[in-house]
Amino acid sequence: MEDADKVFLEYVVKALVDNPNDVKIDRTVDEMGVLISLTVNHADMGKIIGRMGNTAKAIRTLLRIIGMKNNARVNLKINEPEGSVRPERPMGASSASAPSSYKTVDQVIEDLKGI
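First residue of the sequence shown? That's 1 in the UniProt record's numbering, and the numbers climb one at a time after it.
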């Protein structure tokens, strides 16, 4: 079956989301392989991406396995919903930045001088 990857993705995504009627899947084939584009309701994006992207990573891995069975390279593109905005991080801030309640090294040194 040629569209096994699309059928699988539709089954998994519709089982995860709260708005299964908003799920749209487009499948294109070119010389690079198969590209599946997934669009879901903006309220369901967190469920598809998962914590730290683990759910999306797992879905991509399973799609690649299905592709290997059919001698095809399968890639998944998750479309960002229209009107969504990503929170901006300050320059130099990493994703694991410290909470504002933490003291800087200089503040700790000043505290220790007072002892």
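Glycine included, each C-beta is placed from N, C-alpha and C at the ideal position.
Could you check the C-alpha separation between residue 50 and residue 113 for me, to the nearest Å?
So the alpha carbons of these two residues sit roughly 45 Å apart.
Judging by CA-CA distance, which residue of 81, 103, 111 and 40 is the nearest neighbour of residue 17?
Closest option to residue 17, Cα to Cα, is 40.
Tell me the DSSP bridge mates of residue 40?
Its beta-bridge partners do not exist; DSSP assigns none.
Cα separation between residue 37 and residue 108?
When rounded, the distance between both Cα atoms is 50 Å.
Check the DSSP bridge columns for residue 30 and list the partner residues they point to.
Bridge partners of residue 30: 33.
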